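Undergrad: If you want my numbering, it's the 1-based position in the sequence shown plus 213.
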Amino acid sequence: QVQLVESGGGLVQPGGSLRLSCAASGIFFRINAMSWYRQAPGKERELVASIPSGDSTNYADSVKGRFTIPSDYAQNTVYLQMNSLKPEAPAVYYCNVHEDWSNRDYWGQGTQVTVSS
């Protein structure tokens with residue numbers, strides 16, 4: 214019943230920008246946190262940014278100053294604004310939402326981001 218739909222991935226040149234979007238729908242009691250993770254081939258999934266409801270944002274050290282995580286909890290929507298992208302191995306970015314009352318995490322299908330010239 215719960216569905217997270219992501220969009221916005223693609224190929225971008227180094228130094229460019231991309232904006233990922235994630236819209237959550239379905240039956241939620243209350244979303245308590247929204248986050249973005251990424252996973253490169255052969256590596257573990259890592260947290261990129263998170264924004265707990267009513268709390269401050271958190272960013273991985275590797276993206277601080279370049280990425281932001283705007284959100285709209287009223288619309289169950291979260292974005293990842295990525296600026297000054299660096300040439301790295303392609304990664305799949307995943308949206309995540311967390312419910313405290315059920316201690317459940319829901320994941321999007323993932324969207325590929327490739328930074329290359």
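The beta-carbon is built from N, C-alpha and C at its ideal position, and this holds for glycine as well. Predicted, not measured: the structure shown is a model, and the values here were computed from it.
In whole angstroms, give me the CA-to-CA distance for residue 285 and residue 255.
TA: Residue numbering aside, residue 285 sits at position 72 when the sequence shown is read from its first letter. Residue numbering aside, residue 255 sits at position 42 when the sequence shown is read from its first letter. Per the coordinates, the alpha-carbon of residue 285 lies some 33 angstroms from the alpha-carbon of residue 255.
Undergrad: Using the Cβ count rule (16 or more neighbours within 10 Å means buried), how would you classify residue 314?
TA: Reading the sequence shown from its first residue, position 101 is the one you call residue 314. Classification of residue 314: exposed, given that the 10 Å Cβ count is below 16.
Undergrad: Should the region 302 to 322 be called in touch with the region 217 to 232, which here means at least 3 C-beta pairs below 8 angstroms?
TA: yes
Undergrad: For residue 226, which three-state DSSP category applies?
TA: The residue labelled residue 226 in the question sits at position 13 within the sequence shown. In the structure shown, residue 226 sits in coil (DSSP, three-state: anything other than H, G, I, E or B).
Undergrad: Counting only the same chain and skipping the five closest in sequence on each side, list residues whose C-beta sits under 8 angstroms from that of residue 280.
TA: Residue mapping note: residue 280 aligns to position 67 of the sequence shown, counting from 1. Cβ neighbours of residue 280 beyond the five flanking positions: 261, 262, 272, 293, 294, 295 and 296.
Undergrad: According to the Cβ coordinates, are residue 231 and residue 298 closer than 9 angstroms?
TA: The residue you call residue 231 lines up with position 18 of the sequence shown. The residue you call residue 298 lines up with position 85 of the sequence shown. In contact: residue 231 and residue 298 (Cβ atoms closer than 9 angstroms).
Undergrad: Is the distance from the Cβ of residue 326 to the Cβ of residue 222 below 9 angstroms?
TA: Translated into the one-based positions of the sequence shown, residue 326 becomes position 113. Translated into the one-based positions of the sequence shown, residue 222 becomes position 9. Yes, the pair counts as a contact, with Cβ atoms nearer than the cut-off.
Undergrad: Considering Cα atoms alone, identify which of 301, 248 and 276 is closest to residue 289.
TA: As a working mapping, residue 289 is identified with position 76 in the sequence shown. Considering only alpha carbons, the answer is 248.
Undergrad: Helix, strand or coil for residue 287? Go by DSSP, reduced to three states.
TA: To locate residue 287, count along the sequence shown from 1; it is residue 74. Helix.
Undergrad: Between the C-alpha atoms of residue 287 and residue 317, what's the straight-line distance to the nearest angstrom?
TA: Your numbering for residue 287 matches position 74 in the sequence shown. Your numbering for residue 317 matches position 104 in the sequence shown. If I take the Cα positions, the gap works out to 19 angstroms.
Undergrad: In terms of DSSP beta bridges, what is residue 318 paired with?
TA: In the sequence shown, the residue the question calls residue 318 occupies position 105. In DSSP, residue 318 forms a bridge with 311.
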